[in-house]
Amino acid sequence: MDRLELIRDAVLKKRFRAFLVSNITNIHYLTGFSGSSALLLITAGGAYFFTDFRYREQSLQEVKGCEIVVPKGSLMACVKRVLRRMGIGLLGFELSAPFLLYHSLKRSLRLRPVDGLVESLRVKKDRYELSRIREAVRRAEAAFTAVKGHLKKGTSEVSFARRLELRLKREGCVRLPFDIIVASGERSALPHARATQRRLHGGDLVIIDWGGEADGYFSDMTRSFIVKGEDIGAKVAIYNTVRRANRKAIKEVAPGRKTRDIDRVARDFISRSGYGRYFGHGTGHGVGLDIHEPPRISWIGEETLEKGMVFTIEPGIYVPGLGGVRIEDMVVVTGKGRKVMTGL
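FYI, in numbering that gives the first Met the number 0 the residues of the sequence shown are 0 to 343.
This is how it looks when you write it as C-alpha cells:
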C-alpha cells in the first residue's frame, strides 16, 4: 500500500470525506514534490495536488498518484471550488496550518483540526528512508573526518564551521539541516550557540553540532572535545558523565519502551552524578525529512517505540562559567532492540 492510500485510509477512519495537507514536508512525503508551494487535498475518491505556475513542470515530473491542478488565481479559491463541486462541507485540516489558510477556509466550510495524521506515518521509516538517512550520516562523518585536523588552538569557531560546511557540500549535501554549531570555552554552556570569531584556547570545552543530507533526509550528531591544556579535571568529569549517560540511554532503546523511559535513564544518571540542574533539554528527537520530528525523547514523551523509528540520543551538561558537553548519536529501533547509526 503506497503512502497516499495509507493517508486516505487514515482520513476515512476519522470519518472525513476530505482532508487538506498544507505542511510542505508532509506533501513531499506523500507525493514526492520537492518544491515550496503546494496544497494537497485527500478525498475518498482521489487526491488533488494544487500548485502555482512556477512548479507546473516540476510537479508533472515529480508528483505521482494525484490530479495536478495549476489554477491561474488563488490556490485556496481553487480548493474551495473543488470541494463545493463535490458537495463537501466538512473539511479536516492539519493543526499546523497557517492562520490565513484557516481564516480563508472557515468562511465557507466547517473545519476540524487533526494533529499528527501524516506525521504518524512518517515516524516509522521504510528501507528507502533508512538508506537515505544512513547516507546523510556517512556524508556528515566523512566531512568532519576531513576537517577535524583544524580543530586546535588558534582556530576560530566560525572558520571551523565554514570549513565543515564546505566539506559537507563536497560530500553531496545539497542543503544543511541547520547552521552548524561550534561553541568553545564558556560559550559551550550555551546549548544552541552560534559560531563566532572566538578562537580556541588550551583547556577549552568545544561543542560541535552538525548534520548531513541525502535526497531530502537529514542526519544530526554532536561531538564534544577538550582542547589540550591545563586544569581540565572538572571538564573531563563532565565529559565522562555525559558519555556514560548517552550509552546508558542507548542501551534502553527497544520496541515497546516509552520515550520518557529513555529520557529518564539519561536524566537520572546525570542527576545522581551531581549535574541534574545543568541538563535542561530533552534527551532526543526524531530525524528524517525534518531535523526535529516525532518521536520526542523527553520527560513528557508519550510515544511507544516501534521498529523503524529513528531519533537522537543527546544528553548534555552545561555549567555557566565553565562550559558544556553534549554527545549526540542517532539510533534506529530494530525488531529486538536498536542499532546506532552514527559511528565517530
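Backbone N, C-alpha and C define an ideal beta-carbon position, used for all residues, glycine too.
Where residue i falls, given that 16 or more other Cβ within 10 Å makes a residue buried
{"i": "A43", "result": "exposed"}
{"i": "S73", "result": "exposed"}
{"i": "E56", "result": "exposed"}
{"i": "V235", "result": "exposed"}
{"i": "P176", "result": "buried"}
{"i": "P112", "result": "exposed"}
{"i": "E229", "result": "exposed"}
{"i": "Y127", "result": "exposed"}
{"i": "A139", "result": "buried"}
{"i": "A233", "result": "exposed"}
{"i": "F15", "result": "buried"}
{"i": "E118", "result": "buried"}
{"i": "E94", "result": "With the sequence shown as reference, residue 94 is identified as Leu, and Glu is not the correct amino acid for it. Classification of L94: exposed, given that the 10 Å Cβ count is below 16."}
{"i": "R109", "result": "exposed"}
{"i": "L343", "result": "exposed"}
{"i": "F52", "result": "exposed"}
Per-residue DSSP class, three states only, for residue i
{"i": "H149", "result": "helix"}
{"i": "M340", "result": "coil"}
{"i": "F98", "result": "helix"}
{"i": "K79", "result": "helix"}
{"i": "H280", "result": "coil"}
{"i": "I312", "result": "strand"}
{"i": "Y274", "result": "coil"}
{"i": "E292", "result": "strand"}
{"i": "R266", "result": "helix"}
{"i": "L199", "result": "coil"}
{"i": "L90", "result": "strand"}
{"i": "K12", "result": "helix"}
{"i": "K123", "result": "strand"}
{"i": "D214", "result": "coil"}
{"i": "V226", "result": "coil"}
{"i": "I206", "result": "strand"}
Other residues of its chain near residue i: CB distance less than 6 Å, five sequence neighbours each side excluded
{"i": "D5", "result": "This sequence places Leu at residue 5; Asp is not what is there. Same-chain partners within the cutoff: L120."}
{"i": "G34", "result": "Y54, Q57"}
{"i": "R403", "result": "Because the chain spans 0 through 343 in this model, residue 403 falls outside it and cannot be assessed."}
{"i": "V181", "result": "E156, F159, A160, A194, I207"}
{"i": "L39", "result": "V20, I26, F48"}
{"i": "L304", "result": "P254, R256, V332"}
{"i": "R7", "result": "I41"}
{"i": "S272", "result": "T240"}
{"i": "G307", "result": "K123, K124"}
{"i": "A141", "result": "E170"}
{"i": "L349", "result": "The chain is shown only over 0 to 343; residue 349 falls outside these bounds and no answer can be derived."}
{"i": "I67", "result": "F48, S58"}
{"i": "E302", "result": "T258, P294"}
{"i": "E292", "result": "G285"}
7 Å CB neighbourhood of residue i in its chain, flanking five on each side removed
{"i": "F268", "result": "R243, A244, K247"}
{"i": "D262", "result": "G281, T282, I296, S297, W298, G300"}
{"i": "Y277", "result": "I316, Y317, V318"}
{"i": "V173", "result": "E212"}
{"i": "K227", "result": "G201"}
{"i": "V62", "result": "T30, G31, F32, F48"}
{"i": "G88", "result": "L108, R109"}
Nearest candidate by alpha-carbon position, reference residue i, set the options
{"i": "R84", "options": "S103, S107, H102", "result": "S107"}
{"i": "W209", "options": "L59, I225, I290", "result": "I290"}
{"i": "F143", "options": "R16, D219, A192", "result": "D219"}
{"i": "H149", "options": "I207, V113, R169, R133", "result": "I207"}
{"i": "K13", "options": "K79, S58, L74, F92", "result": "F92"}
{"i": "A135", "options": "S73, K71, Y216, R186", "result": "Y216"}
{"i": "V241", "options": "R259, A213, I231, Y274", "result": "Y274"}
{"i": "R133", "options": "K227, P314, G320, V309", "result": "V309"}
{"i": "A265", "options": "I231, E302, H284, P314", "result": "P314"}
{"i": "G285", "options": "V122, R137, R138, L343", "result": "V122"}
{"i": "A96", "options": "T24, F52, D230", "result": "T24"}
{"i": "T258", "options": "N22, T311, G45", "result": "T311"}
{"i": "S183", "options": "R197, E170, G171", "result": "R197"}
{"i": "V146", "options": "C65, E170, D214, L129", "result": "E170"}
{"i": "D114", "options": "V10, L3, L343, D260", "result": "V10"}
{"i": "G287", "options": "D214, I225, L343", "result": "D214"}
{"i": "G279", "options": "G88, H191, F98", "result": "H191"}
{"i": "F98", "options": "C77, N22, S270, D1", "result": "N22"}
Residue i beta carbon near the ligand GDP (any heavy atom closer than 6 Å)
{"i": "E305", "result": "This structure lacks the ligand GDP; in fact it carries no ligand of any kind."}
Cβ shell of residue i (< 8 Å), same chain only, five flanking positions each side left out
{"i": "S223", "result": "S187, L204, V205, I206, I207, Y238, V241, G323, V324, R325, I326"}
{"i": "M75", "result": "L38, L100, S103, L104"}
{"i": "D328", "result": "M220, N245, I249, T311, I312, E313, V339, M340, T341"}
{"i": "E185", "result": "P319, G320, L321, G322"}
{"i": "G153", "result": "R198, L199"}
{"i": "I179", "result": "A160, L163, E164, A194, I207, D208, W209"}
{"i": "L3", "result": "L29, T30, I41, A46, G64, C65"}
{"i": "D260", "result": "E251"}
{"i": "V81", "result": "L40, Y47, V68"}
{"i": "D1", "result": "G64"}
C-beta neighbour in chain C for residue i, strict 7 Å
{"i": "F143", "result": "In the structure shown, chain C does not exist; there is a single protein chain."}
- prompt: Taking the runs of the beta strand (DSSP E) that are 3 residues or longer, which of them lie wholly in the segment 129-195?
  reply: 180-183
message: Please give me, in chain order, every unbroken run of the beta strand (DSSP E) with length at least 3 that falls completely inside the segment 14-52.
response: 17-20, 38-42, 46-49
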